[in-house]
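For reference, the structure discussed in these notes is given below.
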Amino acid sequence: MSQSPLSWNKIPQIYPKKVIELDSYKLPENTPTPFLARGNGRSYGDVCLNKQGTLLKTRSLDQFITFNRETGILCAQAGILLHDILSFVVPQGWFLGTVPGTSLATLGGAVANDVHGKNHHVAGSFGNHVRGFWLIRSDDSMVECSRTQNTGLFYATIGGLGLTGLIAQVEVQLTRIHNPLMWCENRVFHNLDEYWQLNDAAQQNWQCAASWIDCLSHGNKLGRGVMFLGNPAPAQTQAYFDKPRQFSFPIELPFSLINHVSLAAFNELYFHTHKAAKLFLSHYRNFHFPLDGILYWNRIYGKTGFYQYQCVLPKHSERDGIRTLLDEIQRSGQGSFLAVLKSFGDIAPEGLLSFPRLGTTLALDFPNGGTKTLKLFERLDAIVRESQGALYPAKDTRMPRDLFELGYPKLNEFIQHIDPKFSSHFWQRMGFQAA
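Using full-length UniProt numbering, you'd call the opening residue of the sequence shown number 1 and step up by one each time.
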């Protein structure tokens, strides 16, 4: 079910000097450094690539350690997929506190990127549900980290991009559910003003909310879209669902299927097919992980691939900033096929480099149009910078260092906890050299 990280974006093909599939918690000897752990390679950017040294693949470390069915406390090895955790705990009445848009990320990757989901306003990000973990450092020590033990490493490792060492085991607090179902509703909004009104109401009544945006809309329709709302279904709710199907996009095309004409047609059809709002039941997989049912969906972008651009703007600048971003994208004619707008709540993240914060995040997939796409990103960067926002390292391949420093004010504190023998292409690209 895994896909190569190099297939996601057509960034320069960055191959490590050595790749090792770990079968124990011991770091290899006599191999090139720096080290970097890689789970299932679901990060769109280069935080999971290591051009200088050894890439440590952790997927073989995928065992459950302990699970308390009464308290919902689970401990597992870092290489296990979120999909496998959910398959095990959901039938027993538990769910992960929050999940990203794919269940094919590993537990260690979820910690290292402090992933977030559609329920941030009520649950925070993944790190808020981590009770503790065991970290392998390059001096061969195994350090237990929690909110009471080795706290500096604990807060540095959550969202720490794999730079503090090898995450070996993770203990998380699950949340109680009654069944695998969700009550859902899809609501359209015709412009950004309607979005903010609808979003304010949704934050009060729904645990999960995220919106698709039509990036080609303009004028009084700027920012029109569809909001997807969901709540876990209560007890005694029953519905029959076929086993979720999985499809695969068969080939990598020499050209992208995403262009201005196809995008305009898709956006028009997608918007109008959701106009009739109604309450319906959905399996959690269909609501939280719609793209997991299409293997190699990234092939629709052709051999040149795509970039994802994800930013977050703070509360004081979110409305003007999102409008300005969408104006700029619309004028460029380089609309995004998958454009997601979502609010972050006021639950503070745990990690020193955590991306979620109070405000609004906009995530966009752009076909790789070469120089014109990179020029667009520079203009979007200027808007994010002016809005005092930040970009998400897990989705990045070209962020300038000054924007990284602006968006992560605890960077200097984080640097003190880096393991000197761990690094990544992202970290080196930011100008921080490996030991």
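Where a beta carbon is used, it is the ideal one built from N, C-alpha and C, also for glycine. These numbers come from a predicted model, not from an experiment.
Distance check between residue 378 and each of 403, 362, 363, 394 places 403 closest, using alpha-carbon atoms only. Straight-line spacing of the CA atoms in residue 200 and residue 161 works out to 32 Å. Residue environment for residue 19: exposed (fewer than 16 other C-beta atoms within 10 angstroms of its C-beta). Looking from the CA of residue 214, the closest CA among 348, 40, 272 belongs to 272. In this structure, residue 380 and residue 328 form a Cβ contact; the two beta carbons are roughly 6 Å apart against a cut-off of 8 Å. The beta-bridge partner set that DSSP reports for residue 144 consists of 134. Residues of the same chain with a CB within less than 7 Å of the CB of residue 202, apart from the 5 flanking positions on each side, are 209, 227, 229 in chain order.
Taking the Cα of residue 334 as reference, the smallest distance to any Cα among 264, 140, 118, 127 is reached at 264. Looking at the backbone, the Cα of residue 128 and that of residue 349 are separated by about 7 Å. For residue 281, the pairing in a beta bridge is given by DSSP as 183.
With 16 or more other CB atoms across the displayed protein chains lying within 10 angstroms of its CB, residue 51 is buried. Residue 15 counts as exposed, since fewer than 16 other beta carbons sit within 10 angstroms of its beta carbon. In the displayed model, residue 47 falls within coil according to three-state DSSP, outside both helix and strand. A buried status is given to residue 56, since no fewer than 16 other beta-carbon atoms sit within 10 Å of its beta-carbon.
Taking the Cα positions, residue 384 is about 43 Å away from residue 91. Counting C-beta atoms within 10 angstroms of its own C-beta, residue 219 has fewer than 16 neighbours from the protein chains shown and is therefore classed as exposed.
In the displayed model, residue 266 falls within a helix according to three-state DSSP.
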